[in-house]
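Novice: Counting in the numbering used here, the final residue of the sequence shown is number 98, and the numbers go up one at a time with none missing.
From the three backbone atoms N, C-alpha and C, an ideal C-beta is built for every residue, glycine too.
These figures come from a predicted structure and were not determined experimentally.
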Amino acid sequence: MYTMLNNRSASKFDLYLPGQLVASLHYSIDENEMLFIYCEAIEMAEAERHCRELMRRALDESLNRRLKTTITCPIALKHLRADTQTPEQHDSSLPQRG
Numbered sequence: 001m002y003t004m005l006n007n008r009s010a011s012k013f014d015l016y017l018p019g020q021l022v023a024s025l026h027y028s029i030d031e032n033e034m035l036f037i038y039c040e041a042i043e044m045a046e047a048e049r050h051c052r053e054l055m056r057r058a059l060d061e062s063l064n065r066r067l068k069t070t071i072t073c074p075i076a077l078k079h080l081r082a083d084t085q086t087p088e089q090h091d092s093s094l095p096q097r098g
């Protein structure tokens with residue numbers, strides 16, 4: 001079971017599995033905009049799954065706070081696209097859900 005914590009002092013979201021940091025997403029916040037800067041997998045086993053889950057949770061956080069979201073990190077964009085494409089839009093070079 002994943003847990004996401006907002007590490008405000010470091011301006012990043014940290015994603016954990018029990019007792020273990022598995023991914024982080026660095027961000028900055030302006031008045032009414034959240035900028036996702038850099039997504040990194042800490043735990044390389046299942047890194048794709050960890051990053052997709054982190055992006056989903058971070059976007060939920062941004063929406064709940066009613067902030068405009070801008071994503072500049074290519075890794076974050078890749079996982080966002082993989083998570084939102086329908087099967088007929090899905091690019092075979094992106095990771096499959098499973």
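Just how far apart, CA to CA, sit L77 and R52?
Specialist: Cα to Cα, L77 sits roughly 10 Å from R52.
Novice: Return the CA-CA distance between E46 and G19, expressed in angstroms with no decimal places.
Specialist: One C-alpha to the other measures close to 16 Å.
Novice: DSSP beta-bridge partners for E61?
Specialist: None, per the DSSP bridge assignment.
Novice: State the DSSP-derived secondary structure class of I71, mapped to helix, strand or coil.
Specialist: Strand at I71.
Novice: Note the first and the last residue of the continuous beta strand (DSSP E) segment covering S9.
Specialist: Looking at the DSSP string, S9 is not in any beta strand (DSSP E), and its letter there is neither H nor E.
Novice: Assign E31 to one of three DSSP states: helix, strand, or coil.
Specialist: DSSP places E31 in coil when its eight states are reduced to three.
Novice: Pick out whichever of A23, N7, N6 has its Cα sitting closest to the Cα of I75.
Specialist: Out of A23, N7, N6, A23 has the C-alpha closest to the C-alpha of I75.
Novice: Can you give the Cα-Cα distance for S9 and M34, rounded to whole angstroms?
Specialist: Approximately 15 Å between the Cα atoms of the pair.
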